[in-house]
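Trainee: Residue numbers (the working numbering): 107 to 317. No residue lacks a Cβ here, since even glycine has one placed at the ideal position from N, Cα and C. Sharing a structure, written as structure tokens. Questions coming.
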Amino acid sequence: MPAPRKFSREQLQTAALALVDEQGLTGLTMRNLAAELGTGAMTIYNYVDGREGLEELVTEAVMTETQWTEEGGDWETRVFAIAEAIWRTVRAHPHAIPLILTRRSFDVPTLTPAEALLQALADSGRSGLDLLVAFRAVSGFVTGFAQAELTNPLSAPADRDRAAATERVAQLPADRFPRLIEIAHAAAAGDPEIEFRDGLKIVLAGLRAKF
């Protein structure tokens with residue numbers, strides 16, 4: 107009879123995500139994960155298959171946090187609720203965004219929000235290629251917005267004043283970059299949640315117009 111496993115999958119996920127939140131992706135190593143769990147590095151190899159396995163822990167941990175209200179409503183209402191839930195989850199873990207954007211994961215926590223979003227979009231009457239395009243439009247907006255909010259020149263890191271980021275853009279030559287300067291000032295006074303919701307409404311309006 108095999109010996110009982112010392113750590114659960116959930117414990118490994120929690121510890122891996124904590125490392126990424128605190129240290130970024132460079133801190134996600136077997137040695138660091140072992141230290142976080144209070145064990146030896148060789149023990150972790152009994153649970154995780156190399157770097158790919160470590161990254162899988164993180165994507166699972168992030169997407170497991172995605173929660174939305176399972177309630178009635180038309181397809182647009184449901185798409186909005188699911189998309190917003192994914193956005194809130196992803197932006198809560200900025201260091202993990204590169205993994206969310208690039209890693210193909212087939213674990214249940216990652217696939218569940220995607221399936222729910224697809225079902226809501228399918229209820230608009232879409233199928234096949236039309237459903238694929240709609241799914242990519244919505245999911246691309248969600249993850250892209252989260253990444254842009256955290257990394258583009260109009261945004262400031264969490265520990266910096268947003269006004270400082272605006273000031274950098276405002277120093278650009280006004281005759282060459284008037285619109286960049288305009289939206290920099292708008293970003294300084296804006297609210298990311300309102301911006302996301304308004305942007306998602308534009309995407310949904312486009313989907314509604316086609317069907």
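1) Tell me the DSSP secondary structure of Ser-230 in three-state form.
2) How far does the alpha helix (DSSP H) with Arg-137 in it extend, from its first residue to its last?
3) Considering only residues of the same chain and omitting the five flanking positions on each side of Gly-133, which have a CB-CB separation below 8 Å?
4) Hey, out of Leu-118, Phe-251, Glu-221, whose CA is closest to Leu-238's CA?
5) Can you tell me where the alpha helix (DSSP H) holding Gly-130 begins and where it ends?
6) Identify the continuous alpha helix (DSSP H) that holds Ala-298 and give its terminal residues.
7) Using a 10 Å radius around the Cβ and a threshold of 16 neighbouring Cβ atoms, would you call Met-148 buried or exposed?
8) What number of angstroms, rounded off, separates the C-alpha of Asp-265 from the C-alpha of Arg-194?
9) Figure out for me which residue from Leu-123, Gly-159, Pro-219, Leu-131 has the closest Cα to the Cα of Glu-142.
Mentor: Taking the coordinates as given:
1) One-based indexing of the sequence shown puts residue 230 at position 124. DSSP places Ser-230 in coil when its eight states are reduced to three.
2) Along the sequence shown, read from residue 1 onward, the residue named residue 137 stands at position 31. From DSSP, the alpha helix (DSSP H) with Arg-137 extends over 136–143.
3) Translated into positions along the sequence shown, residue 133 becomes position 27. Within the same chain, Gly-133 has close Cβ partners Leu-125, Val-126.
4) Working through the sequence shown from its first residue, we reach residue 238 at position 132. Leu-238 has its Cα closest to that of Glu-221, out of Leu-118, Phe-251, Glu-221.
5) As a first step, residue 130 is located in the sequence shown; it is residue number 24 there, counting from the start. Taken as a continuous stretch (DSSP letters only), Gly-130 belongs to no alpha helix (DSSP H), as it is neither H nor E.
6) Start at 1 with the first residue of the sequence shown, and residue 298 comes out as number 192. Sequence check: residue 298 is Pro here, not Ala. Counting along the chain, the alpha helix (DSSP H) containing Pro-298 begins and ends at 298–316.
7) Position 42 of the sequence shown holds residue 148. Exposed: under 16 other Cβ atoms inside 10 Å.
8) Counted from its first residue, the sequence shown places residue 265 at position 159. Counted from its first residue, the sequence shown places residue 194 at position 88. Since pLDDT at Asp-265 reaches only 42, below the 50 mark, its modelled position is unreliable, and no value is offered.
9) Position 36 of the sequence shown holds residue 142. Selected option, being the one with the closest Cα: Leu-123.
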